[in-house]
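Below you'll find the structure, written out as structure tokens, and then a few comments.
Chains as they are written, first to last, in our numbering: chain Z, 1279 to 1392; chain A, 34 to 146.
This is the structure:
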């Protein structure tokens, strides 16, 4: 089991640029979550999917953020245009089924927007 | 909205001392989960508590779920340098079987050798 795979591990970009973060969940997991972690706000849920369908995107901060899950093995989180306040660690997590199963987190993408 | 509050935010202990972090929810939780995040790492699931008053142990770690299912604690006996990290509690949306998991702000544990 390779675990949840995220890429890139680090991303440094200039303000105004488009940023795309990628995630491959654990095979067979039907829930996928995107979290953002900052010192100021801790771990925030941005959006989650069930069977590739977005269920709750109320945590997405602005229209600049969008997420897709075109198939069961791939999801993207896009920020366009990026701003310095988007700098954070972005985690993808997946889990199997319902009943509050534990989350399996990826290693995260550390985003720095200058 | 639902909130999960966690205290203290930071804890510095000498190796061998005990450590406790507390978690409180504004609403009754169906269950509570605990995660550990090492510096520079990602949150890793430790345990889930479901029953009122439940107590679970993992070696030197003791987890408790309150009788009212609104609070929980994690106690580490005789800390070691390997215990360094941030400990998070997380609770689900009220009434949902799966949905938003509300994470506490975490307790960052530092252990001095």
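Quick reminder that beta carbons are idealized off the backbone N, C-alpha and C, glycines included.
All of these numbers come straight from a predicted model, not from anything done at the bench.
Starting from the beta carbon of residue 1381 (chain Z), find every residue of chain A whose beta carbon is closer than 9 Å, and list them in chain order.
Along the first chain, read from residue 1 onward, the residue named residue 1381 (chain Z) stands at position 103. 66, 68, 76, 78, 123, 134, listed in chain order.
Is the region 1295-1303 of chain Z touching the region 1345-1360 of chain Z in the sense that three or more CB pairs, one from each, lie closer than 8 Å?
The region 1345-1360 of chain Z is in contact with the region 1295-1303 of chain Z.
Beta-carbon proximity list for residue 1290 (chain Z), same chain, < 6 Å, skipping 5 on both sides
What you label residue 1290 (chain Z) is simply residue 12 of the first chain in a count that begins at 1. Result list for residue 1290 (chain Z): 1390, in chain order.
Cα-Cα separation, residue 1350 (chain Z) to residue 1312 (chain Z):
As a working note, residue 1350 (chain Z) is residue 72 in the first chain. As a working note, residue 1312 (chain Z) is residue 34 in the first chain. Roughly 15 Å between the two C-alpha positions.
For residue 1304 (chain Z), report the span of its beta strand (DSSP E) as first-last.
Within the first chain, numbered from 1, the residue matching residue 1304 (chain Z) stands at position 26. Run containing residue 1304 (chain Z): none; DSSP gives neither H nor E here.
When DSSP labels each residue in this structure, what does residue 1363 (chain Z) get in the three-state scheme?
Within the first chain, the letter at position 85 stands for residue 1363 (chain Z). Three-state DSSP puts residue 1363 (chain Z) in a helix.
How about residue 137 (chain A) and residue 56 (chain A): are their beta carbons less than 8 Å apart?
Numbered from its first residue, the second chain carries residue 137 (chain A) at position 104. Numbered from its first residue, the second chain carries residue 56 (chain A) at position 23. Yes, Cβ-Cβ distance for residue 137 (chain A) and residue 56 (chain A) is below 8 Å.
Could you check where the beta strand (DSSP E) with residue 108 (chain A) kicks off and where it finishes?
Locating residue 108 (chain A) in the second chain gives position 75, where the first residue counts as 1. In the DSSP assignment, residue 108 (chain A) falls within the beta strand (DSSP E) that extends over 104-109.
Counting only Cβ pairs nearer than 9 Å, list the residues of chain A close to residue 1330 (chain Z).
As a working mapping, residue 1330 (chain Z) is identified with position 52 in the first chain. Residue 1330 (chain Z) does not reach chain A, its nearest Cβ partner there being about 15 Å away, counting only Cβ pairs nearer than 9 Å.
Could you tell me the alpha carbon to alpha carbon distance between residue 101 (chain A) and residue 1320 (chain Z), rounded to whole angstroms?
Walking along the second chain from the start, residue 101 (chain A) turns up at place 68. Walking along the first chain from the start, residue 1320 (chain Z) turns up at place 42. Counting only the Cα atoms, residue 1320 (chain Z) lies some 26 Å from residue 101 (chain A).
From Z:1292, Z:1297, Z:1310, residue whose alpha carbon lies closest to that of residue 1371 (chain Z)
The residue given as residue 1371 (chain Z) occupies position 93 in the first chain. Minimum Cα distance to residue 1371 (chain Z) is reached at Z:1310.
Write down every uninterrupted run of the beta strand (DSSP E) in the region 62-124 of chain A whose length is 3 residues or greater and which is fully enclosed by it, in chain order.
Fully contained in the region 62-124 of chain A are the following beta strand (DSSP E) runs of length 3 or more, in chain order: 65-70, 76-82, 88-91, 94-98, 104-109.
Below 6 Å CB to CB, which residues in the same chain sit around residue 1379 (chain Z) once its five sequence neighbours on both sides are set aside?
Translated into the one-based positions of the first chain, residue 1379 (chain Z) becomes position 101. Closer than 6 Å at Cβ, skipping near neighbours: 1373.
Does chain Z have any CB closer than 8 Å to the CB of residue 139 (chain A)?
Locating residue 139 (chain A) in the second chain gives position 106, counting from the first residue. It does; some Cβ of chain Z falls within 8 Å.
Report yes or no: do three or more beta-carbon pairs, one from the region 95-115 of chain A and one from the region 49-68 of chain A, lie closer than 8 Å?
The region 95-115 of chain A makes contact with the region 49-68 of chain A, as at least three CB pairs between them are under 8 Å.
So which residues of chain A does residue 1385 (chain Z) contact, with C-beta pairs closer than 9 Å?
The residue given as residue 1385 (chain Z) occupies position 107 in the first chain. 74, 75, listed in chain order.
Determine the DSSP secondary structure at residue 38 (chain A), reduced to helix, strand or coil.
What you label residue 38 (chain A) is simply residue 5 of the second chain in a count that begins at 1. Strand at residue 38 (chain A).
Start and end of the beta strand (DSSP E) containing residue 1320 (chain Z)?
Working through the first chain from its first residue, we reach residue 1320 (chain Z) at position 42. Bounds of the beta strand (DSSP E) holding residue 1320 (chain Z) are 1320-1328.
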